[in-house]
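Only one structure is covered here, and it is reproduced in the block below.
In the numbering used here, the protein residues as written are 219 to 613.
Given below as structure tokens:
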């Protein structure tokens, strides 16, 4: 699966190109810590090999192995079960929910390298227009005879189950992947996605199916105080004006643009379903513009609610986060999802040093008492002015 290179000042866990380890697991901090513990802790490695060696030796089709558990001193367990009716001192364990391992000193910084990891670097289209693609089937039919294509989107399927938590504060670094520059396409949200299939195995250049990517516990959701970081997704056509307006705003004096992203609304812990786009049934998108104004780090957030009726209004927000922008953004947007895609004043106050409402300009204007539509250029100018007024209120 992987080899450990411990010869230098830094320890590397290097995956083989043919490894079946789910690449998407490297987005999970818990999964990376578990992998480090499994490969670098001698007791954990010995325990794992006690299962693997037995399976390699045994020709039987059934699961029959000699498991040698690692020492369990200072470990903690979260268990599910019930107390004995006659003796409350007895507790019958029905399921082990979470295992918290004891701390282990790894000595060196640990990094993970996967040869298939790709870091997509978004670039602006040279002609000013983004290509448009149709939505892929969110629930493709599993076909064991289908050949996955290496160029196809993965059919990612995650389940929650038994969780292993490593009791250590230091993080595991995932090495940067191969850089791939491309123009992020717009997703056509009006066309129904065509039925598709997913296959099992490694993707090939000639394959046509999606590659099944199944795993458990990739969400890092065992700690309720640490919501899952919003994922970067393909932008939709609804934000083309937003991107154009941000570019023009950043050309004004005292602005320094850091980047613009399209992200998916995080899944709420409650039963609210408004975080999903009604047309696509996928997590709705929001755009973030990161910039400095007179050396003050700020973020403008715009949520796409074009599929919701006009009664649901949600203006843009200008935020300055009191902690790291990544953590602040994560908490604020998770709270927004749980509020039914409405800004949560309590969460904003807790995680932000700056919160400024930005109302969208009207699509119409008055000329000699008559209401007429603004041109696209006039609307963009009015929006830039509204954003700039909000930013100037901060300083």
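No residue lacks a Cβ here, since even glycine has one placed at the ideal position from N, Cα and C.
These numbers come from a predicted model, not from an experiment.
For residue 398, which residues in the same chain have their Cβ closer than 8 Å to its Cβ, ignoring the five residues on either side in sequence?
Cβ-Cβ distances below 8 Å link residue 398 to 336, 337, 338, 339 in the same chain, with the five nearest sequence neighbours on each side left out; the list follows chain order.
Could you tell me if residue 275 is buried or exposed, where buried requires 16 or more neighbouring beta carbons within 10 angstroms of its beta carbon?
By the 10 Å Cβ count, residue 275 comes out exposed.
Please work out which residues of its chain come closer than 8 Å, Cβ to Cβ, to residue 427, disregarding the five sequence neighbours upstream and downstream, and give them in chain order.
Excluding sequence positions up to five before and after residue 427, its CB lies within less than 8 Å of the CB of 358, 361, 364, 365, 366, 367, 370, 414, 415, 416, 417, all in the same chain and listed in chain order.
Per DSSP, which one or two residues make a beta bridge with residue 432?
In DSSP, residue 432 forms a bridge with 375.
Which residue from 240, 223, 344, 318 puts its Cα closest to that of residue 381?
For the options 240, 223, 344, 318, the alpha carbon positioned closest to that of residue 381 is the one of 318.
Tell me whether residue 581 is buried or exposed, calling it buried when 16 or more other Cβ atoms sit within 10 Å of its Cβ.
Exposed.
How many Å lie between residue 573 and residue 516 at the Cα?
It is roughly 10 Å from the alpha-carbon of residue 573 to the alpha-carbon of residue 516.
Taking DSSP as the reference, what is the three-state secondary structure of residue 539?
In the structure shown, residue 539 falls within a strand segment according to DSSP collapsed to helix, strand and coil.
Tell me the rounded alpha-carbon separation between residue 403 and residue 234.
C-alpha separation (whole angstroms): 31 Å.
With a cut-off of 8 Å on the beta carbons, I'd call residue 592 and residue 583 a contact; round off their distance for me.
At roughly 5 Å, the Cβ-Cβ gap stays under 8 Å, so residue 592 and residue 583 are in contact.
Under a three-way DSSP split, which group does residue 532 fall into?
Look at residue 532 here: in three-state DSSP terms it is coil, with no helix or strand label.
Would the beta-carbon of residue 466 fall within 7 Å of that of residue 602?
Yes, they are a contact pair.
Would residue 552 be called buried (16 or more neighbouring beta carbons within 10 Å of its own) or exposed?
So residue 552 counts as buried.
Helix, strand or coil: which one does DSSP assign to residue 596?
Taken through DSSP and simplified to helix, strand or coil, residue 596 comes out as helix.
Cα separation between residue 405 and residue 243?
Looking at the two C-alpha atoms, the distance is approximately 25 Å.
Looking only at its chain, what residues have a beta carbon closer than 6 Å to the beta carbon of residue 408, apart from the 5 residues adjacent to it on each side?
Closer than 6 Å at Cβ, skipping near neighbours: no residue.
With a 10 Å radius around its C-beta and 16 neighbouring C-beta atoms as the bar for buried, classify residue 504 as buried or exposed.
The residue in question, residue 504, is buried, as its Cβ has 16 or more Cβ neighbours within 10 Å.
How big is the Cα-Cα spacing for residue 455 and residue 562?
If you take the alpha carbons of residue 455 and residue 562, they lie about 27 Å apart.
Quick one: what's got a C-beta closer than 8 Å to residue 440's C-beta in the same chain, skipping five residues either side?
Legend: pLDDT at residue 440 = 49, less than 50; position of this residue unreliable, value from coordinates given subsequently. The answer, listed in chain order, is 248, 316, 381, 383.
How far does the beta strand (DSSP E) with residue 576 in it extend, from its first residue to its last?
Residue 576 -> beta strand (DSSP E) spans 570-576.
Residue 483: buried (16+ other C-beta within 10 angstroms of its C-beta) or exposed?
It is buried - the Cβ of residue 483 has at least 16 other Cβ atoms within 10 Å.
Taking buried to mean at least 16 other C-beta atoms within 10 Å of its own C-beta, is residue 251 buried or exposed?
Burial of residue 251 is indicated by the presence of at least 16 other C-beta atoms within 10 angstroms of its C-beta.
From residue 481 to residue 254, what distance separates their C-alpha atoms?
C-alpha separation (whole angstroms): 29 Å.
Backbone CA spacing between residue 511 and residue 610 [nearest angstrom]
Their Cα atoms are separated by approximately 9 Å.
What distance in whole Å lies between the Cβ atoms of residue 429 and residue 373, which are believed to be in contact at a cut-off of 8 Å?
The Cβ separation is near 7 Å, so the contact holds.
With DSSP run on the structure shown, which of helix, strand or coil describes residue 416?
Looking at residue 416 - three-state DSSP - the assignment turns out to be strand.
Kindly indicate which residue of 271, 451, 587 has the alpha-carbon position closest to the one of residue 353.
The candidate whose alpha carbon is nearest that of residue 353 is 451.
Near residue 236, which residues of its chain fall below 8 Å by C-beta distance, leaving aside the five closest residues on each side in sequence?
Cβ neighbours of residue 236 beyond the five flanking positions: 420.
Do residue 571 and residue 540 have their beta-carbon atoms positioned less than 7 Å apart in this structure?
Judged by beta-carbon spacing, residue 571 lies within the 7 Å limit of residue 540, meaning their Cβ atoms are closer than that value.
According to DSSP, residue 297 sits in a beta bridge with which residue or residues?
In the DSSP output, where bridge partners are listed per residue, residue 297 has 314.
Return the first residue and the last residue of the alpha helix (DSSP H) that residue 463 is part of.
Start and end: 458-467.
Could you tell me how far apart the beta carbons of residue 330 and residue 401 are, in whole angstroms, since I believe they sit closer than 8 Å?
Wrong, their Cβ atoms sit about 29 Å apart, outside the cutoff.
Less than 8 Å between the CB atoms is what I'm expecting for residue 549 and residue 471, so what's the real figure, rounded?
Between residue 471 and residue 549 the Cβ distance is about 32 Å, and since that is not below 8 Å, they are no contact.
Is residue 320 closer than 7 Å to residue 385 when the C-beta atoms are compared?
The criterion of a C-beta distance shorter than 7 Å is satisfied by residue 385 and residue 320.
Could you check the C-alpha separation between residue 597 and residue 463 for me, to the nearest Å?
Taking the straight line from one Cα to the other gives about 10 Å.
Apply the 10 Å Cβ neighbour rule to residue 522 and answer buried if 16 or more other Cβ atoms are within range, or exposed otherwise.
Classification for residue 522: buried.
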